[in-house]
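What follows is the structure in C-alpha cells.
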C-alpha cells in the first residue's frame, strides 16, 4: 500500500500536539499571532518555507516537512 502524504497543516497540528507547547504558547514562541498559527493549522494559509524552518527549530526533534 502506498502511504498518503501528510498535508502541511496536518503535520503542523501533529507536531505541536507531540511537543510540550500548547497552540497559544507555540504562537508566542514563534512571535506570531494566535490567529495566524490557527490559519496554518486549519489549512486556510500555507506558511512559507522559512516559517516552517523556524517552527522546526522550536519543535526539535520533531520536524515538519515543507513540501506537502
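In this note's numbering, the protein residues as written are -6 to 61.
Glycine is no exception: its CB is placed at the ideal position from the N, C-alpha and C atoms.
Burial state of residue i (16 or more Cβ within 10 Å)
i, result
"residue 44", "buried"
"residue 17", "exposed"
"residue 30", "buried"
"residue 52", "buried"
"residue 40", "buried"
"residue 1", "buried"
"residue 7", "exposed"
Delimiting residues of the alpha helix (DSSP H) encompassing residue i
i, result
"residue 53", "No alpha helix (DSSP H) holds residue 53; DSSP gives it neither H nor E."
"residue 35", "From DSSP, residue 35 is part of no alpha helix (DSSP H); its letter is neither H nor E."
"residue 0", "Looking at the DSSP string, residue 0 is not in any alpha helix (DSSP H), and its letter there is neither H nor E."
"residue 18", "16 to 23"
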